[in-house]
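Protein chains in written order, with my numbering: chain Y, 224 to 712; chain W, 224 to 712.
Every residue gets a Cβ at the ideal spot worked out from N, C-alpha and C, and that includes glycine.
Just below is one structure, and these are the notes that go with it.
Number of protein chains: 2
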Amino acid sequence: MAKAITPREENYSEWYLDIVKKANLAANSAVRGCMVIKPYGFGIWERMQRQLDDMFKETGHVNAYFPLFIPKSFLSREAEHVEGFAKECAVVTHHRLMNDPNGGGVVVDPTAKLEEELIVRPTSETIIWHTYRDWITSYRDLPLLINQWANVVRWELRTRLFLRTAEFLWQEGHTAHATAEEALEEALRMQEVYATFAEEYMAMPVLRGVKTANERFAGALDTYTIEALMQDGKALQAGTSHNLGQNFAKAFDVKFSNADNQEEYVYATSWGVSTRLVGGLIMTHSDDEGLVLPPRLAPIQVVIVPIPKPNEALNAKARELMDELKARGVRVSYDDDEKQRPGFKFAENELKGIPVRLGIGQRDLDKGTIEVARRDEKSKSNQPIEGIVDHVVNLLDEIQQNLFDRAVRFREEHTTYVDTFEEFQAVLDRDIPGFVYAHWDGTTETELKIKEMTKATIRCIPHDQPEEEGKCILTGAPSRGRVVFAKAY
Amino acid sequence: MAKAITPREENYSEWYLDIVKKANLAANSAVRGCMVIKPYGFGIWERMQRQLDDMFKETGHVNAYFPLFIPKSFLSREAEHVEGFAKECAVVTHHRLMNDPNGGGVVVDPTAKLEEELIVRPTSETIIWHTYRDWITSYRDLPLLINQWANVVRWELRTRLFLRTAEFLWQEGHTAHATAEEALEEALRMQEVYATFAEEYMAMPVLRGVKTANERFAGALDTYTIEALMQDGKALQAGTSHNLGQNFAKAFDVKFSNADNQEEYVYATSWGVSTRLVGGLIMTHSDDEGLVLPPRLAPIQVVIVPIPKPNEALNAKARELMDELKARGVRVSYDDDEKQRPGFKFAENELKGIPVRLGIGQRDLDKGTIEVARRDEKSKSNQPIEGIVDHVVNLLDEIQQNLFDRAVRFREEHTTYVDTFEEFQAVLDRDIPGFVYAHWDGTTETELKIKEMTKATIRCIPHDQPEEEGKCILTGAPSRGRVVFAKAY
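Right, dumping it as structure tokens:
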């Protein structure tokens, strides 16, 4: 296979698509905007799913499943919600095809029109809160801590594999609580679960903050977000958690009797991450040679390559190493293709982002050593066979940490504090603009004006930002603290 | 909660729905024919998924994901396939809603009509074989062993929770092979994987056989099936595996160059099981007190109930037991509700089908014993605390085996061999008809006539059926072996 990845410097977005395609992660499908997730890409998503699912369960959540379809009338119940989703949705209007009486193949049967159109879920708050009405009567039924793994559809016009697709896979948590405080706590807890997952598993550092009114989820009181920085200096919203207050409970009339026997509307949260995370993972770590994967999410963590090619002695050694590594929980494979040379295999394994490569050749083995190459630093060294398993296990941890540290450094190098609009514009004009901390007057008007002028949006008002008197970079109006701007995906 | 399950003898189908509802497994939704799978029901499905997924991976398969939507024209490519699925499908025709200019809420935007209608997948052969065209060029690309976990939609008119719903969850394997023999082997291998899963995990014995031409999957050369017998004497098709030959490869023009460098169409299989299995599980084991679950699939295997209610000493003992049981891999919970009495809890835990209940009371503990109740036999006994963990672990295996043995006995008791149509009719007229082995002349005409007269269908031509000269029960024409008839879900 010819390795011809467009370098990042030349064309970042071509580079991204090259990685996705050449590393066999995903492909466009015959259906506009919908992708096919190929086995290797799905293997990464499966590992993400498994880990997140464990974390959701540890925090007391259970899984359930709600219908794919939402009656059209449900969408309208929450006024902002319908604004947010009605403009780009897939609408089911009929339930039968028939042979074209004029001989033109199959056509929609006009007699099979649905009484009420169904929307393919863009998100499930409406159908779920309609259901919760039957499930909640008393404070004893609360909290309800439910998650679902599902596909959703938003009719996006400009799509990009993993980052923005018409259909995508995600999880959506939908919880119900007896008090406003509990709902707020839950929304923040799940933001922190996402942040922990991003940093500890994806090795992708994230800012934790709250969205401005303008960037909020349609129907939420507040949207909490984790924001990551990609290598082209653009931000990626990687996960959001919404405090929905009583909005959906009111729209779907979900009340409970509290401990004092008074009726009250239920408090809600929802939160989700999607296959977009795979895009974020790629853009955080990969390089011009291909994919770079953090060991904790890599479908294959270690590949063993026989040098120059497989033979009985090398196969036996490989089997032995594999058994020992597997016993330590390492996902290892043996590249025993007889037809390809080591150089080709090295390039292939780099392209696939396998964190560690062990080269086993008879001459090295005779000397008691083995070649260990790490993908993250593109470095290699000879290591004694004695203790090699321990070495590899530790190396995987080291690589995981190194990728995170490197991404943190990148973010630090691409984070700028500015006090004037001129400085602001100058940073955004850089090749790699990054996060820009600046004062803003708190109005949607100014926010939109800045977006129009610069394409930068407010990614979040960071949780850890200290109070600081300042003046809005655009209007000069007083501000009490900086917010984070960036161009974004 | 009032426990009022309709007894099976009184009304079997009410009994089934009572179990599904009262054990909190699933509910009807606001969308016609679509169900909500509640957390407890989803917990069972999750365990099924995890186990099947492991078995698929052990047999060399990987997961991937293909689009939810299928372009209408794809369905028509395989003539029998479109016949099979076009009559009941969800058709997406538009991609936007708008505010009704006449003030009637949101309506479909007539300007947002799709150029080609999209069908919500009823099964994915067409979109997948369209994709495989890009993935397969040479015999070196084969076999392709891919599975996907997905939701599918078939616009069923008469639905029943889990057993037949408009939307359901399933897995669908789609494999591509270089030879007809390999495809046949794969189809049979996956039938056997399903049979093993049904028998060893669901404790549900199944017949393995092949479908008649009339009952085949639309577009298959042969459909292999596993058929289980429910407690009302009706059969449930629990999983199917199809040898598709070159039909889909021809319809989507998927060729490969073989080792002799000649172009050939690719050979295919597909195979699937769905949330219908949860319905089969319920109907195989449950009784008039509620759900009965085999330990291997039970979300909770053991429940500890403090008698008469929780206190510090009992809580401490429960924690100790739980820790020890968890260390042995047992899923255990403690029913420490202060408000309910033991009798209520016993009934609740029976309803939920928890295989083993441990009652811990101070008086028993002082005597060094503990009350062990098993759900399958509705029996209880006092057991020494000493060694109780081993006892419970063994008991769970014993219950798993007992449920299977019981179901095998039930099937034996409800399997009849008949040689005349009179006998045949008499068996089918019984309250619990069961499987009927009879001779059939091999024609679709006779098969359909028998179905019309008796509502019984040929469930399969069993793999293990010996050759035997006989005469068709309807036409008297010669037959070489018996087939299995039954009324079916």
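Interface partners of residue i on chain W, CB under 8 Å
| i | result |
| --- | --- |
| Asn286(Y) | Pro262, Phe265, Gly266 and Glu269 |
| Thr354(Y) | Ala250, Ser252, Ala253 and Val259 |
| Tyr318(Y) | Here the sequence assigns His to residue 318(Y), which means Tyr is not the residue at that position. Here the neighbours are Glu311, Cys312, Ala313, Val314 and Trp378. |
| Ile350(Y) | Ser252, Ala253 and Val254 |
| Val343(Y) | Leu291, Val315 and Val343 |
Cα-Cα separation between residue i and residue j, rounded to whole angstroms
| i | j | result |
| --- | --- | --- |
| Glu691(Y) | Asn370(Y) | 39 Å |
| Gly283(Y) | Ala410(Y) | 14 Å |
| Val525(Y) | Asp455(Y) | 29 Å |
| Gly326(Y) | Val501(W) | 42 Å |
| Arg580(W) | Thr360(Y) | 29 Å |
| Phe297(W) | Asp357(W) | 16 Å |
| Tyr712(Y) | Ala436(Y) | 19 Å |
| Lys532(W) | Val243(W) | 29 Å |
| Ala335(Y) | Ala302(Y) | 30 Å |
| Lys549(Y) | Ala596(Y) | 19 Å |
| Glu543(Y) | Pro529(Y) | 13 Å |
| Ile608(W) | Lys590(W) | 9 Å |
| Ser604(Y) | Tyr263(Y) | 28 Å |
| Ile577(Y) | Arg519(W) | 35 Å |
| Arg381(Y) | Asp559(W) | 54 Å |
| Asp364(W) | Ser252(Y) | 19 Å |
| Phe289(W) | Gly693(W) | 48 Å |
| Ala249(Y) | Arg270(W) | 28 Å |
| Glu594(W) | Ile228(W) | 26 Å |
| Arg586(W) | Leu619(W) | 26 Å |
| Glu408(W) | Lys562(Y) | 28 Å |
Listed by chain order, chain Y residues near residue i by CB distance under 7 Å
| i | result |
| --- | --- |
| Arg703(W) | Near Arg703(W) there are no residues of chain Y at all, since even the closest Cβ is about 38 Å away, more than 7 Å. |
| Glu340(W) | Val331 |
| Phe292(W) | Val254 and Cys257 |
| Ser296(W) | Gly328 |
Residues near residue i by beta carbon distance below 7 Å, same chain, minus five either side
| i | result |
| --- | --- |
| Ala287(W) | Ile369 and Gln371 |
| Arg551(Y) | Val612 and Val616 |
| Val314(Y) | Glu340 and Ile342 |
| Glu487(W) | Lys478, Phe479 and Asn481 |
Contact set for residue i: own chain, Cβ-Cβ below 8 Å, skip 5 residues either direction
| i | result |
| --- | --- |
| Asn625(W) | Asp599 and Glu600 |
| Met453(W) | Leu459, Gly503, Met506, Thr507 and Tyr712 |
| Thr419(W) | Met278 |
Close-in-space but distant-in-sequence residues of the same chain around residue i (CB under 6 Å, 5 per side omitted)
| i | result |
| --- | --- |
| Cys257(W) | Ala389 and Glu390 |
| Leu392(Y) | Asn374 and Thr498 |
| Gly468(W) | Leu444 |
| His686(Y) | Arg431 and Gly432 |
| Leu537(Y) | Pro529 and Ile583 |
| Phe308(W) | Pro345 |
| Thr446(Y) | Lys434, Arg439, Phe440, Thr463 and His465 |
| Arg703(Y) | Glu690 |
| Lys540(Y) | Ile583 |
Neighbouring residues, chain W, relative to residue i (Cβ below 7 Å)
| i | result |
| --- | --- |
| Val555(Y) | Under the 7 Å cutoff, chain W gives no residues; its nearest Cβ is about 16 Å from Val555(Y). |
| Glu281(Y) | Here the premise fails: no neighbours, minimum Cβ distance about 14 Å. |
| Ile369(Y) | Pro262 |
| Ser299(Y) | Gly328 and Val329 |
| Val305(Y) | Val329 |
| Asn481(Y) | Residues of chain W passing the Cβ test: none, with the nearest at roughly 17 Å. |
Contacts that residue i makes with chain Y (C-beta to C-beta distance below 8 Å)
| i | result |
| --- | --- |
| Glu390(W) | Pro290, Leu291 and Phe292 |
Proximal residues of chain Y, C-beta to C-beta of residue i below 9 Å
| i | result |
| --- | --- |
| Asn484(W) | Those within 9 Å of Asn484(W) in chain Y number zero; the least Cβ separation is about 16 Å. |
- Query: Looking at C-beta atoms only, is the number of pairs between the segment 348-367 of chain W and the segment 392-409 of chain W that lie closer than 8 Å three or more?
  - Reply: yes
- Continuous beta strand (DSSP E) assignments of at least 3 residues falling wholly in the segment 410-455 of chain W: 430-433 and 445-452
- Query: Residue ranges of each beta strand (DSSP E) run of no fewer than 3 residues wholly in the segment 633-697 of chain Y, ordered along the chain?
  - Reply: 638-640, 658-662 and 680-685
- Starting from the N-terminal side, write out each stretch of the alpha helix (DSSP H) that is 4 residues or longer and does not extend beyond the segment 483-510 of chain Y. 499-508
- Item | Unbroken stretches of the alpha helix (DSSP H), 4 residues or longer, contained in the segment 273-356 of chain Y | For the segment 273-356 of chain Y, whole alpha helix (DSSP H) runs of length 4 or above, ordered along the chain, are 295-298 and 302-308.
- Task: Could you tell me whether the segment 620-637 of chain W touches the segment 420-437 of chain W, where touching means 3 or more Cβ pairs closer than 8 Å?
- Result: Yes: at least three Cβ pairs fall under 8 Å.
- Item | 4 or more residues per run - each alpha helix (DSSP H) lying fully within the segment 569-602 of chain W | Listed in chain order, the complete alpha helix (DSSP H) runs (minimum 4 residues) inside the segment 569-602 of chain W are 585-589.
- Query: On the three-pair Cβ rule with 8 Å, is the segment 672-682 of chain Y touching the segment 640-658 of chain Y?
  - Reply: yes
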